[in-house]
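Enquirer: My structure is below; once you've seen it, I'll send some questions.
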Amino acid sequence: HLLSRRQRQMCIRDRTKVVPRINVLRLRTFFYFYEGGTMKYNRPRGTVDITPENSEKWIEMEQLLRTVAANYNVKEMRTPIFEHTELFSRAVGDTTDVVTKEMYTFKDKGDRSLTLRPEGTAGIARAYVENKMYALPEKLQKVYYMGPMFRYERPQNGRQRQFHQFGVEMLGVESPYVDVECMLMAVTIVEALGIKNIKLHINSLGDDESRTAYREALKNHFRPVLNDLCEDCQARFEKNPLRILDCKVDAKNPVMASAPRTIDYLSEKAKAHFDKVCSLLDDLEIEYVVDTNLVRGLDYYSHTVFEIISDDPKLGAGSTVGGGGRYNGLVEELGGPATPGVGFAFGMERLMLALDDEEDEENGIDVYVMPLGDEARDLAMQIITMLRANGFTCDMDYAGRGLKGQFKSSDRFGAHLSIIIGEDEVKGEYVNIRCNHSKEQSKVKLEDILSYIENHYEGDHEHE
Ligand code: HAM
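One gets our numbering by counting positions in the sequence shown from 1 and adding 1334 to each.
Here it is in structure tokens:
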């Protein structure tokens, strides 16, 4: 031992002092960068970025939805992303999970309570009244909307905090034909998207008279077991016993399964309405299931309610891609004249999940221009400008890479044609055009580029 015992002890003590200090320091720097890098710039939980990689798919879906809407003569309506909080508690209902647990509510600088819309129907009904659409000559107003909605829910596959809905509302006519028009449109959408394994579930909640009778029946059913139910349910019992049925806490309690069914309490008028809906669906050969457990989670419904349920394993079995129903009291509740309404909304992320992941070759660009050298790049830019002006989708290499790298981009963009320009081509005032499908390559004079490409595409169409 070169050191005395005391010296050794000093060393150890120093080391234990120094080592942790270094560690803490290192940890601190680590967390400093970690926090700086993640917490500050991460997207909020339950939101997603739609990057160029999948935005094409979104655009395609949106276009298809717009096409179906035009097919049904439904026009677009756009309402604000935020509304007065009161609108949602009134329309959606202040005993619903959406209003009590899931809303993004905030005060603005003028101390108004505003809420990011959790759904679209309330805003449309508000705008219908505010814009006096009930006074328009066309009695049935059919509108659609598409855009982000916000609910503070536990994120999982197909469930987000900011998600998108495509919704349709048909206001002004109380006819079972309009209920069926909505269902037909919903079914057309899933079929047009090629989504399989879906089922249309329908039920009726009835009119005011039926619902009063049903409410009493529900209270009689739950009264003896009220103490076994969760606190929320006990509150719902007085305020809105129907909401007990969609309680997530008590879902497995056998008392739920044995609860009375809305369909057994329908008034004559409500029953006639529902029977007509069913017979119209039968006549049109639309498959459906009468699902007596279906009550929907929002308070404005009356009469017909429906859901489109998918068995696609990608979504998780029994996942609801869309839902809707009739809401005859809503417009009046919001201060408008008594106006019947019916509608539905699809969760667009869920539609997207249920879509097949086929690669679509048609998504490629028409032409990718590959210049080698500065002069070639000048020429390339002139060529893409000319081609774009003539309606072709094109792009070129700006990174100054060699042929190999540029061919890779051409591939990635799914280009139909590549135009290669090297030094010889610039001097000789021609380019090489390569068909990426047949791999044929031709020398084309500069002035002939447009007609060559046009001919190529016309040839393609003849081929089809
Ligand atoms: P909803 O059933 O609450 O109805 O929502 C409709 C659809 O939106 C659901 O079926 C689901 O696909 C999607 N969705 C709901 N919450 C989320 C979430 N957190 N993440 C992803 N997707 C979600 C309504 O909103 C009614 N306004 C529909 C309606 C229109 N009824 C009459 N007219």
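We put the CB at the ideal spot given by N, CA and C, even for glycine.
#1: Here's the rule: buried if 16 or more other CB atoms are within 10 angstroms of the residue's CB, otherwise exposed. What is D1708?
#2: If we count the other Cβ atoms within 10 Å of its Cβ and call it buried at 16 or more, is G1370 buried or exposed?
#3: Considering only heavy atoms of the ligand HAM, does any lie closer than 7 angstroms to the CB of G1457?
#4: Indicate the three-state DSSP secondary structure (helix, strand or coil) for A1749 in the structure shown.
#5: Out of curiosity, what's the CA-to-CA distance linking Q1496 and N1789?
#6: Looking only at its own chain, which residues have a Cβ that is under 8 angstroms from the Cβ of H1498, when we skip the five neighbours before and after it?
#7: Counting Cβ pairs closer than 8 angstroms, one from the region 1669-1677 and one from the region 1708-1718, do we hit at least three?
#8: Could you pull the DSSP bridge partners for T1654 from this structure?
#9: Is the Cβ-Cβ distance between V1382 and Q1490 less than 8 angstroms?
#10: Quick one: give me the first and last residue of the alpha helix (DSSP H) that M1393 is part of.
#11: Quick one: what's got a C-beta closer than 8 angstroms to C1564's C-beta in the same chain, skipping five residues either side?
#12: Quick one: is L1359 buried, meaning 16 or more other Cβ sit within 10 Å of its Cβ, or exposed?
#13: According to DSSP, is Q1490 helix, strand or coil?
#14: My guess is that V1765 and I1783 are in contact by the Cβ rule of under 8 angstroms, so how many angstroms apart are they, rounded?
#15: Out of L1552, Y1702, E1602, C1516, which one is the CA nearest neighbour of C1769?
#16: Between A1679 and F1500, how many whole angstroms is the CB-CB distance? I'm expecting something under 8 angstroms.
#17: In its own chain, which residues sit with a C-beta less than 7 angstroms from the C-beta of L1398, not counting the 5 before and 5 after it?
#18: I need the straight-line Cα distance from V1521 to T1596, nearest angstrom please.
#19: Tell me which residues share the same chain as K1648 and place their Cβ nearer than 6 angstroms to its Cβ, disregarding the 5 neighbours each side in the sequence.
#20: Give me, in chain order, the residues of the same chain whose beta-carbon lies closer than 8 angstroms to that of A1645; leave out the 5 immediate sequence neighbours on both sides.
#21: Below 8 angstroms between beta carbons: does that hold for H1555 and D1625?
#22: Any heavy atom of the ligand HAM closer than 7 angstroms to the Cβ of E1503?
#23: Starting from H1771, follow its DSSP beta bridges and name the residues at the other end.
#24: Please confirm whether H1418 and L1450 have their CB atoms less than 8 angstroms apart.
#25: Under the rule that 16 or more other beta-carbon atoms within 10 Å means buried, what is E1387, buried or exposed?
#26: Can you tell me which residues form a DSSP beta bridge with A1728?
#27: Would you list the residues sitting across from V1477 in a DSSP beta bridge?
#28: By the DSSP assignment, the alpha helix (DSSP H) with V1676 in it spans what residues?
#29: Decide if the region 1467-1475 is in contact with the region 1656-1664; the criterion is three or more beta carbon pairs, one per stretch, under 8 angstroms apart.
#30: According to DSSP, is P1482 helix, strand or coil?
#31: Compare the C-alpha of Y1732 against each of F1726, L1713, A1723, R1722 and name the closest.
#32: Relative to the alpha-carbon of K1553, which residue among S1538, R1570, S1544, E1543 has its alpha-carbon at the smallest distance?
#33: With hydrogens ignored, establish whether the beta-carbon of E1515 is closer than 7 angstroms to any heavy atom of the ligand HAM.
#34: Whose C-alpha, out of R1577, P1378, G1454, is nearest the C-alpha of E1410?
Expert: On the basis of the coordinates in this document:
#1: One-based indexing of the sequence shown puts residue 1708 at position 374. Label assigned to D1708: exposed.
#2: Looking up residue 1370 in the sequence shown gives position 36. Only weak support is given to the placement of G1370: the predicted model assigns it a pLDDT of 49, under 50, and the question is left unresolved by the model.
#3: Position 123 of the sequence shown, counted from the start, is the residue given in the question as residue 1457. No, the Cβ of G1457 stays beyond 7 angstroms of every heavy atom of the ligand HAM.
#4: If you number the sequence shown from 1, residue 1749 lands on position 415. In the structure shown, A1749 sits in coil (DSSP, three-state: anything other than H, G, I, E or B).
#5: In the sequence shown, the residue the question calls residue 1496 occupies position 162. In the sequence shown, the residue the question calls residue 1789 occupies position 455. Q1496 and N1789: Cα-Cα distance of roughly 47 angstroms.
#6: Walking along the sequence shown from the start, residue 1498 turns up at place 164. Same-chain partners within the cutoff: M1480, G1481, P1482, M1483, G1681, M1682, E1683.
#7: no
#8: Along the sequence shown, one-based indexing puts residue 1654 at 320. I1643.
#9: To locate residue 1382, count along the sequence shown from 1; it is residue 48. To locate residue 1490, count along the sequence shown from 1; it is residue 156. No, Cβ-Cβ distance for V1382 and Q1490 is not below 8 angstroms.
#10: Sequence index remark: in the sequence shown, residue 1393 carries index 59 (1-based). Note that residue 1393 is Ile in the sequence shown here, rather than Met. That run of the alpha helix (DSSP H) goes 1386-1405.
#11: Working through the sequence shown from its first residue, we reach residue 1564 at position 230. So the qualifying residues of the chain are C1581, V1583, D1584.
#12: Position 25 of the sequence shown, counted from the first residue, corresponds to residue 1359. Bear in mind that a pLDDT of 49 at L1359, under 50, signals an unreliable position, so the number given afterwards is only what the model happens to contain. Result: exposed.
#13: Position 156 of the sequence shown, counted from the first residue, corresponds to residue 1490. Strand at Q1490.
#14: As a working mapping, residue 1765 is identified with position 431 in the sequence shown. As a working mapping, residue 1783 is identified with position 449 in the sequence shown. 6 angstroms between Cβ atoms; contact.
#15: In the sequence shown, counting from the first residue as 1, residue 1769 sits at position 435. Checking every option, the nearest Cα to that of C1769 belongs to Y1702.
#16: Looking up residue 1679 in the sequence shown gives position 345. Looking up residue 1500 in the sequence shown gives position 166. Right, the Cβ-Cβ distance comes to about 7 angstroms (below 8 angstroms), so this counts as a contact.
#17: Here the question's residue 1398 lines up with position 64 in the sequence shown. A1526, L1527, listed in sequence order.
#18: Counting from 1 along the sequence shown, the entry for residue 1521 is found at position 187. Counting from 1 along the sequence shown, the entry for residue 1596 is found at position 262. For V1521 and T1596, the distance between alpha carbons rounds to 24 angstroms.
#19: Within the sequence shown, the letter at position 314 stands for residue 1648. Cβ within range, chain order: L1687.
#20: The residue given as residue 1645 occupies position 311 in the sequence shown. Note that residue 1645 is Asp in the sequence shown here, rather than Ala. Correct list, in chain order: N1531, I1532, K1533, A1651, G1652.
#21: Position 221 of the sequence shown, counted from the first residue, corresponds to residue 1555. Position 291 of the sequence shown, counted from the first residue, corresponds to residue 1625. Going by C-beta atoms, H1555 is not nearer than 8 angstroms to D1625.
#22: Mapped onto the sequence shown, residue 1503 falls at position 169. The answer is yes for E1503.
#23: The residue you call residue 1771 lines up with position 437 of the sequence shown. BP columns for H1771 are empty, so no partner.
#24: Within the sequence shown, numbered from 1, the residue matching residue 1418 stands at position 84. Within the sequence shown, numbered from 1, the residue matching residue 1450 stands at position 116. No, they are not a contact pair.
#25: What you label residue 1387 is simply residue 53 of the sequence shown in a count that begins at 1. Per the 10 Å Cβ criterion, exposed.
#26: For the purposes of this step, residue 1728 is taken as the residue at position 394 of the sequence shown. The question names Ala, yet the displayed sequence has Cys at residue 1728. According to DSSP, C1728 bridges with V1701.
#27: If you number the sequence shown from 1, residue 1477 lands on position 143. In the DSSP output, where bridge partners are listed per residue, V1477 has K1409, E1503.
#28: Here residue 1676 is taken as the residue at index 342 of the sequence shown, counted from 1. That residue, V1676, is in no alpha helix (DSSP H); its beta strand (DSSP E) goes 1675-1681.
#29: no
#30: Stepping through the sequence shown from its first residue, residue 1482 is reached at position 148. Note: P1482 maps to strand in three-state DSSP.
#31: Along the sequence shown, read from residue 1 onward, the residue named residue 1732 stands at position 398. Ranking the options by Cα distance to Y1732, first place goes to L1713.
#32: By 1-based counting over the sequence shown, the position of residue 1553 is 219. Measuring from the Cα of K1553, the nearest candidate turns out to be R1570.
#33: The residue you call residue 1515 lines up with position 181 of the sequence shown. E1515: no, Cβ never under 7 angstroms from the ligand HAM.
#34: Taking the sequence shown and counting its residues from 1, the one referred to as residue 1410 is at position 76. Out of R1577, P1378, G1454, G1454 has the C-alpha closest to the C-alpha of E1410.
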